[in-house]
Amino acid sequence: MLTILLTQCEEKYVPDLGDRYSEVLVVDGMITNGPGPYQVRLMLSSPVDHPEMTGLAGCTVTMSDDAGNNETLTSDSAGYYHTAANGLQGVPGRQYQLTIATPAGQRYASQWEILKTPVPFDSLYGEIGYQTVQDYPYQLPGYQFYLDVSASANDSANLLWRLTETWQYQSDFKLYYIYDGVMHPVNFTDSLRDCWSTNKLQDIFLLDMQELTAPQITHFPLHFRGTDTRKLSVRYSLLAQQLNISAAAYGFWKTIRDQNSAGGELYTRQPYQLRGNIYNMDNPDLPVYGFFMAAGVSQHRIFINRPAGIVSFYYSQCELNQADYERYGTLFIGPPPPPDDPAFITQDANGGRALPSPECINCLLKGGTNQKPDYWNYD
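This is the structure we're talking about:
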């Protein structure tokens, strides 16, 4: 009866927001003490029922500091603006402001943000762990990542961590021949086997060091990466940026984190407008979203190999079947494949040739690149 009552009490709520919050400017940008270029994104908000990312082009975007230095950013694509690599440099202790002029004549500015001194890392590491994951009837193995920060005199720091993962993965079969009407033997059969892919994680990790009994962080949990994908299948790297941000920026990101984690509860907080430190210079009452941050940054990168054999993986893998061998046999019947879309052929341990799905041979088709990153190592 309780289940029936709860089901009957559920009612989809679609707020009537009118046009007030459509195509509102959304700003995301940051300057740090690290080397540039620094990036600012300018997007327009979209209706709840038709979400999309629309970049705002043609703006004049300027970063300034309280010492009289400034730089007008350039744009390579709609909505994305950046400083020059040797342009304005963030300096701890200085204050920074972002100003924006749109093609429609609207002028925006951020509040001045002080760039705090970075808090150094101690260590970043991963430990084998298990988590219950939706759609899996078992506890999924993987790496749980943690960080430590040594005792610091700066016990009032507000820390935000941004994570970027890069992983090496392999296609399931080697490439032995390419056929486009002529059979071309491949000298380097691993040429399309190893690829690398990079992804910026959207998780929000925050900590106010004033909440600690001592200004030291030990075994602080970051994200969990399971074995349900190829990300841990060969070699995995995690880059953690540790940002010392202002109290206002901390409150902004904490609000976003709390709001995102509130979904799915029976009694949850109502969504509310997330106002940052950006305002319309001619009409401060007009809505605008986002935050321009100045942050002291320190970072650390680690590499982790595929977990030991006792850890199971649960991603799908290609296996040669009879249809793959038959497709190779019929490849020479009829017109050949076009030169810009040739057939990729593999062979088994006995020399039998097969034509599996291209994704099973060409790792590029899984979204990565076969150019190894400059920072990649195998130590």
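Numbering (this note's numbering), first residue to last: -18 to 360.
All C-beta atoms, glycine included, are put in the ideal place defined by N, C-alpha and C.
query = Looking only at its own chain, which residues have a Cβ that is under 6 Å from the Cβ of proline 101, when we skip the five neighbours before and after it?
reply = Ser279
key: According to DSSP, residues forming a beta bridge with aspartate 9   = Arg22 and Phe272
ask   = Hey, is the stretch 288 to 306 in contact with the stretch 326 to 344, meaning 3+ C-beta pairs nearer than 8 Å?
value = yes
request  = Give the DSSP bridge partners of arginine 88, in chain order.
outcome  = Ala82
key: Nonlocal neighbours in the same chain, by C-beta distance under 6 Å from leucine 25, ignoring five residues either side   = Glu4, Thr35 and Leu37
ask   = If you draw a straight line from the C-alpha of asparagine 351 to the C-alpha of threonine 43, how long is it?
value = 37 Å
request  = May I ask you to verify whether the stretch 50 to 70 touches the stretch 229 to 243, counting CB pairs closer than 8 Å and requiring at least 3?
outcome  = no
ask   = Thinking C-beta only, is isoleucine 81 closer than 9 Å to alanine 275?
value = no
query = Are tyrosine 124 and phenylalanine 205 close, meaning C-beta to C-beta below 9 Å?
reply = yes
ask   = In its own chain, which residues sit with a C-beta less than 8 Å from the C-beta of glutamine 384, not counting the 5 before and 5 after it?
value = This structure cannot settle anything about residue 384, because the visible part of the chain is limited to -18 through 360.
ask   = How about leucine 79 and leucine 141: do their beta carbons lie closer than 9 Å?
value = no
key: proline 288 in three-state terms, based on DSSP   = coil
ask   = Considering only residues of the same chain and omitting the five flanking positions on each side of isoleucine 159, which have a CB-CB separation below 8 Å?
value = His165, Val167, Pro323, Ala324, Phe325 and Ile326
key: Identity of the residues DSSP links to asparagine 331 by a beta bridge   = According to DSSP, asparagine 331 bridges with nothing at all.
message = In the DSSP assignment, the alpha helix (DSSP H) including aspartate 305 goes from what residue to what residue?
response = 303 to 310
query = To which residues does DSSP link threonine 179 through a beta bridge?
reply = Thr147
Nearest residue (CA-CA) to glycine 71, options Gln92, Ala85, Asn264 and Ser45 = Ser45
For leucine 336, three-class secondary structure by DSSP = coil
query = Considering only the beta carbon of each residue, do serine 218 and arginine 282 sit closer than 9 Å?
reply = yes
task = Tell me, to the nearest whole angstrom, how far the beta carbon of leucine 128 is from that of leucine 182; I am working on the premise that it is less than 8 Å.
result = Incorrect: roughly 14 Å between the Cβ atoms, too far for contact.
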